[in-house]
Amino acid sequence: MSPSTEKLDNCYCVQLRYLFLILCLILTSYFYIYIKRKQFKNITTKIPTVVGLPFIGIAYKLIPIKRFLYRISSYFEEFNTSTYCAWLGTYPVIVTIDPDIIKTVTSSPEFLNKAEVLYNPIDKAIPKGIITSEVHTWKHNRKLINTYFNNKLLMSLIPLFNRGANTSVKRLSKLSNGGEHKLFDLIKRGTLEIAIEATMGIDMSEGACENYELIDSFTVLMERIAKDAACSTLGLGFLARTPGYYKARRFLRNYMNKSFETVATAIYSGLVMLSMHSDVQEKLFQEIHSIWPEKDIHVTYEHLKDVPYLDMVMSETLRLMPSIPIVGRQAIHQTKLTSELILPPKIQVIVPIFSLHRAETWWGPKAHLFNPENFLPETIAKRNPYVYMPFSKGARNCIGWRYAEIVVRILLIVLVRNFKFTTSFKYQDLHFVDHVSLWYDVEPNLSIELRKI
Ligand code: HEM
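Numbering (numbering that gives the first Met the number 0), first residue to last: 0 to 452.
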């Protein structure tokens, strides 16, 4: 054999080997997918299923992120169903807006773990935080935190909420000389300032709570800040800035930002809705004005029982703009979800609150429109309570919901009493994106006018 023929043969051999390897890889992959799909056949044959591409499932259909919430909703309409299954990567997830299934998932101890697919990124930002922690750690932390979020504490914070609201009035007054302005950052600053003061004011000295991250982080941070300040005067500040200092600072920043962004979003969304619905704003102003004819007001807890229209406006705002648009849980053991569906351990059930709150099946043909009358007491009484869950439901619901409800109401009362809000942005042009908390694709600017009476 000539050297050139030998070289050609070698080359051919190498190519064959590569081809064989690729073939093996493809076959193994298909076998893996086949086994996976077979493994979950008892779910995927019982409810409508979106398969998507091998290995990534429907992940590619969920980008761009701008379309995410709308794409998730679209499958309910496409399949004319309230529960479907979607392959995400190599695992199926159940996506549901069925109130009976939501009731099972939020009240069963089998679903106390959060869905990994949604919470892994948060867990990376706030490792082992209460929002993502597994059931055994969570139970302990939740019990501890619950003792701090008691009625007495909330009542003691009301003067602080009033002070915060009045500070916001001063800031907004400066923008009341015409034109439309970006307000979200200003509102967020206000809610964050209130939150920091509220959290720092909590008596944290009681009880042994080595796992209570907020206390831990505050303690570490305060110690380090004190050391930092002391060392800095000697030009040695870097000695205090240990990894613990940065970790605590990161945790606090994330915790504060995420929890209180939800509050700021709720207030801002309330103002956006009022700006776009002048009749609703006027009716709300009359309710507020009848209780506080003077502008300089102090809202007490008792007052909050006398503003039923404000309750309706806020509930409707959180229906259309739930600050957390999507939540999910994960089965701990094999669990019965419905009479037909038995879920193997670790299967994730996603509840897109955004879709649930806008589903025509539960809210009628005008579900997408802003209408506070949806929360008239007699209308609420007729509705399944599991079609509305801005603070989630069950044992793992929002721990700060009462705090949020009070602070949001006090700020809105004080702002609506002092200003009239308008905008040229149209309701039908609003578009929402999921950034863990809900956000506006384009933030509407609002114009502020000082009330004369
Ligand atoms: C309008 C404001 C708020 C809304 C709409 C809201 C909504 C929610 C929702 C839907 C959940 C469930 C999340 C899930 O299952 O993944 C949740 C959980 C939670 N929220 Fe809120 N939230 C608000 C304000 C707050 C505030 C002010 C705090 C803190 C003071 C807070 C602290 C928490 C915590 C710690 C959890 C996790 C609870 C657990 O897993 O046991 N939230 N929130």
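No residue lacks a Cβ here, since even glycine has one placed at the ideal position from N, Cα and C.
- Per DSSP, reduced to three states, the secondary structure at residue 450 is coil, with no helix or strand assignment.
- A distance below 7 angstroms between beta-carbons, with the five flanking residues on each side excluded, links residue 274 to the following residues of its chain, in chain order: 420, 421, 422, 445.
- Sequence-distant partners of residue 287 (beyond 5 residues in either direction) whose C-beta falls short of 8 angstroms from its own C-beta, in its chain, are 306, 309, 412, 415, 416.
- Classified as buried, residue 113 has 16 or more neighbouring CB atoms from the shown chains inside 10 Å of its CB.
- With the rule of 3 Cβ pairs closer than 8 angstroms, the segment 385-398 does not count as touching the segment 291-304.
- The nearest non-hydrogen atom of ligand 1 is 8 angstroms or more from the C-beta of residue 338.
- Residue nearest to residue 325 within the set 332, 317, 448 is 317 (criterion: CA-CA distance).
- For residue 272, same chain residues with a beta-carbon under 6 angstroms away, outside a window of 5 residues either side, are 316, 369 in chain order.
- The distance from the Cβ of residue 182 to that of residue 259 is about 16 angstroms, inconsistent with a contact at the 8 angstroms cut-off.
- Residue 348 sits close to residue 100, with the two beta carbons spaced by under 9 angstroms.
- Of all alpha-carbon atoms in 335, 294, 144, the one lying nearest the alpha-carbon of residue 449 is that of 294.
- The Cβ atoms of residue 408 and residue 313 lie closer than 9 angstroms to each other.
- Taken through DSSP and simplified to helix, strand or coil, residue 91 comes out as strand.
- C-alpha of residue 375 to C-alpha of residue 361: approximately 15 angstroms in a straight line.
- For the set 358, 37, 89, the Cα lying nearest the Cα of residue 58 is the one of 89.
- For residue 265, the Cβ falls inside the 8 angstroms cut-off from some heavy atom of ligand 1.
- Annotated three-state conformation of residue 83 is strand, per DSSP.
- Here the C-alpha atom of residue 79 lies approximately 14 angstroms from the C-alpha atom of residue 70.
- Secondary structure of residue 347 (DSSP, three-state): strand.
- Residue range 307-319 is occupied by the alpha helix (DSSP H) that includes residue 318, with no beta strand (DSSP E) assigned at that position.
- 170 is the residue among 96, 196, 195, 170 whose C-alpha sits nearest the C-alpha of residue 184.
- Spanning the alpha carbons of residue 355 and residue 51 requires a straight line of approximately 23 angstroms.
- Taking the C-beta atoms as reference points, residue 296 is found no nearer than 9 angstroms to residue 186.
- Exclusion of residue 103 from the 8 angstroms shell around ligand 1 follows from its C-beta lying no nearer than that to any non-hydrogen atom of the ligand.
- Positions of the alpha helix (DSSP H) runs, each at least 4 residues long and wholly inside the segment 105-176, are given as 115-124, 134-147, 150-172 in order along the chain.
- Three or more Cβ pairs closer than 8 angstroms define a contact, and the segment 425-433 falls short of that threshold against the segment 151-164.
- For residue 262, the CB falls within less than 8 angstroms of some heavy atom of ligand 1.
- Rounded to whole angstroms, residue 97 and residue 175 show a C-alpha spacing of 45 angstroms.
- Burial of residue 168 is indicated by the presence of at least 16 other C-beta atoms within 10 angstroms of its C-beta.
- With 16 or more other Cβ atoms from the protein chains shown falling within 10 Å of its own Cβ, residue 327 counts as buried.
- In this structure, residue 194 has its CB closer than 8 angstroms to one or more heavy atoms of ligand 1.
- Annotated as distal: residue 73 and residue 358, with beta-carbon spacing of 9 angstroms or more.
- Exclusion of residue 385 from the 8 angstroms shell around ligand 1 follows from its C-beta lying no nearer than that to any non-hydrogen atom of the ligand.
- Residue 133 and residue 117 have their C-alpha atoms roughly 14 angstroms apart.
- Under the three-state reduction of DSSP output, residue 386 falls in the helix class.
- With respect to residue 262, residue 194 sits close: the two C-beta atoms are nearer than 9 angstroms.
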